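Add 94 to a position in the sequence shown, counting from 1, and you land on the number used in the numbering used here.
Take a look at the structure below.
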Amino acid sequence: MRIGVLTGGGDCPGLNAAIRGMVHRGVKGFGDVFTGFRDGWRGPLERDAAPLDLEAVDGILPLGGTILGSSRTNPLKTGGGIDRIRENLAALEVDALIAVGGEDTLGVALALHEAGVPVVGVPKTIDNDLSGTDYTFGFDTAVGIAVEAADRLRTTAESHHRTLICEVMGRHAGWIALHSGMASGAAAVLVPERPFDLDEVTAHVEARFQAGHAPVLVVSEGARPVEGSLELQTGERDAFGHVRLGGVGERLAGELERRTGREARSVVLGHLQRGGPPSAFDRVLATRFGLHAVDAVHAGEYGAMVALRGTGIVRVGLAEAVGTLKTVPPERYAEAGVFFG
Numbered sequence: 095m096r097i098g099v100l101t102g103g104g105d106c107p108g109l110n111a112a113i114r115g116m117v118h119r120g121v122k123g124f125g126d127v128f129t130g131f132r133d134g135w136r137g138p139l140e141r142d143a144a145p146l147d148l149e150a151v152d153g154i155l156p157l158g159g160t161i162l163g164s165s166r167t168n169p170l171k172t173g174g175g176i177d178r179i180r181e182n183l184a185a186l187e188v189d190a191l192i193a194v195g196g197e198d199t200l201g202v203a204l205a206l207h208e209a210g211v212p213v214v215g216v217p218k219t220i221d222n223d224l225s226g227t228d229y230t231f232g233f234d235t236a237v238g239i240a241v242e243a244a245d246r247l248r249t250t251a252e253s254h255h256r257t258l259i260c261e262v263m264g265r266h267a268g269w270i271a272l273h274s275g276m277a278s279g280a281a282a283v284l285v286p287e288r289p290f291d292l293d294e295v296t297a298h299v300e301a302r303f304q305a306g307h308a309p310v311l312v313v314s315e316g317a318r319p320v321e322g323s324l325e326l327q328t329g330e331r332d333a334f335g336h337v338r339l340g341g342v343g344e345r346l347a348g349e350l351e352r353r354t355g356r357e358a359r360s361v362v363l364g365h366l367q368r369g370g371p372p373s374a375f376d377r378v379l380a381t382r383f384g385l386h387a388v389d390a391v392h393a394g395e396y397g398a399m400v401a402l403r404g405t406g407i408v409r410v411g412l413a414e415a416v417g418t419l420k421t422v423p424p425e426r427y428a429e430a431g432v433f434f435g
């Protein structure tokens, strides 16, 4: 078969490992020929593609980013976008398409499937917010980066007796903050799923100072106060309608400094969480997803996404994967809350 591959949305560690897994499985196991589409959905929209063979994927396993490039192009917002993709796939004699991405990218894949295009999904996102899979690759690496940052912030916070806030990614789901905050012993973890009370956060900060330590807080970029008193959005939106967030960490630092009378600073990790080599866990998970995505194509299970359940790889419907976001449940946040203050 001739199989097309694209990587869409935000880049993350492990994308190249997934591509490598697909090509090795397809070429060695089935004699497949691969076509790589450049820059996410822009590639099939504009017929921007290149051959993807064993030589092209040699040595890419430990590399971050994606050799295919990525973008937030949304074919559903382009007139006739679905038809253009179908026509371009036919012109390139592509029998099936494997789309690697998160909620937005796989939402487009679902629309293509419903329009009769043979497509299989592979879940990637550092936010770990896709339903249907226990973990997405990229998440483990992002958490590791956030933990290292929080650990480093703690030493300078202690030296200067100040509050330090580590702002991590997580627009609607606080998985990165939850895991990195628990792993680094944060004085508080703030997530989008639970609006925070500034009085409670201030109390946690004061408790750490009273115990003779400097507080480090881990905060999701999408965290919001119950009071609604912090202006956190720029008003700008991307192609999928997401509002660009404006920095909760910086505003929270200013409020805590005013309330406690002690110096407070914030650090935004931003794209550091997306970059660099993937962790061993993400390399293995991404590779396995790539292998099983090709198997799903040859099984004719289009409209499916490969997923991790326990330690096994299974196939779930794309509709299940993108229907609802997987957010932090109250009981998981309660576990972290035991250590606040």
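For glycine and all other residues, C-beta sits at the position ideal for the given N, C-alpha and C.
Quick caveat: nothing in here was measured; it's all calculated off a predicted structure.
Of the listed residues the options, nearest to residue i (C-alpha basis)
i, options, result
"M276", "V295, L311, R265 and E287", "L311"
"G264", "L350, L146, F233 and M116", "F233"
"P309", "T250, L363 and D221", "T250"
"A112", "G435, T219 and L363", "T219"
"R377", "D133, L155 and F124", "L155"
"R382", "H118, L162 and V99", "H118"
"E349", "A280, G394, V299 and A398", "V299"
"A280", "H266, G397, D293 and A301", "A301"
"R359", "T257, L385 and A150", "T257"
"G102", "G115, E208, R132 and R114", "R132"
"G417", "G98, M399 and G201", "G201"
"G120", "P217, A398 and L148", "L148"
"R353", "P319, D293 and E321", "D293"
"L224", "W269, H207 and A184", "W269"
"G104", "G174, D142 and N168", "N168"
"R96", "R246, A347 and E187", "E187"
"A390", "D142, A190, E261 and G435", "A190"
"E344", "E261, V283 and E395", "E261"
"S278", "S253, G238, A150 and N222", "G238"
"D142", "S164, V151 and A150", "S164"
"A297", "V151, F124 and G435", "G435"
For residue i, the three-state DSSP class (helix, strand or coil)
i, result
"R246", "helix"
"G210", "coil"
"F334", "Note that F334 scores 48 on pLDDT, short of 50, meaning its location in the model is unreliable; the coordinates nonetheless yield the value given after this. DSSP places F334 in coil when its eight states are reduced to three."
"F375", "helix"
"L505", "Because residue 505 is not part of the residues shown, which for the chain are 95 to 435, the question remains open."
"K218", "strand"
"F233", "helix"
"F131", "strand"
"P423", "coil"
"T381", "helix"
"A393", "coil"
"G120", "helix"
"T144", "The question names Thr, but residue 144 in the sequence shown is Ala. A144: strand per DSSP, three-state reduction."
"A401", "strand"
"G406", "strand"
"R136", "helix"
"R318", "coil"
"G417", "helix"
"V432", "coil"
"G115", "helix"
"A203", "helix"
Beta carbon of residue i nearer than 9 Å to that of residue j
i, j, result
"G226", "G411", "yes"
"I192", "A387", "yes"
"S274", "A317", "no"
"E315", "V342", "yes"
"G158", "P107", "yes"
"L109", "F128", "no"
"S271", "V313", "Residue identity check: residue 271 is Ala in the sequence provided, not Ser. Contact: yes."
"F303", "R356", "yes"
"A243", "V361", "yes"
"I407", "A401", "yes"
"G460", "A415", "This structure does not reach residue 460, given that the chain is present from 95 up to 435, and the question cannot be answered."
"A203", "Q367", "no"
"G134", "L170", "no"
"L419", "H266", "yes"
"E208", "G384", "no"
"R403", "D228", "yes"
"L206", "G98", "no"
"L162", "G130", "yes"
"M399", "P217", "yes"
"E252", "H307", "yes"
"L284", "L346", "yes"
Residue i CB to nearest heavy atom of the ligand MN below 8 Å
i, result
"E187", "Only the bare structure without any ligand can be found here, which leaves the ligand MN out of the picture."
For the pair the stretch 369–380 and the stretch 196–208, tell me if three or more CB-CB distances fall below 8 Å. No: fewer than three Cβ pairs fall under 8 Å.
Mind listing, in chain order, the continuous alpha helix (DSSP H) runs of no fewer than 4 residues lying wholly within the stretch 237–305? Within the stretch 237–305, the alpha helix (DSSP H) runs of at least 4 residues that lie entirely inside it are, in chain order, 269–278 and 292–304.
Using 8 Å as the Cβ pair cut-off and three pairs as the minimum, do the stretch 284–299 and the stretch 415–429 touch? Judged by Cβ distances under 8 Å, the stretch 284–299 makes contact with the stretch 415–429, as three or more pairs qualify.
Are the stretch 131–143 and the stretch 177–184 touching by the rule of at least three beta carbon pairs closer than 8 Å? Cβ pair count under 8 Å is three or more, so yes.
Report the residue ranges of all beta strand (DSSP E) runs contained in full by the stretch 340–375; include only those spanning at least 3 residues, in chain order. Listed in chain order, they are 358–362.
Length at least 3, wholly inside the stretch 154–201: the beta strand (DSSP E) runs in chain order: Runs found: 190–195.
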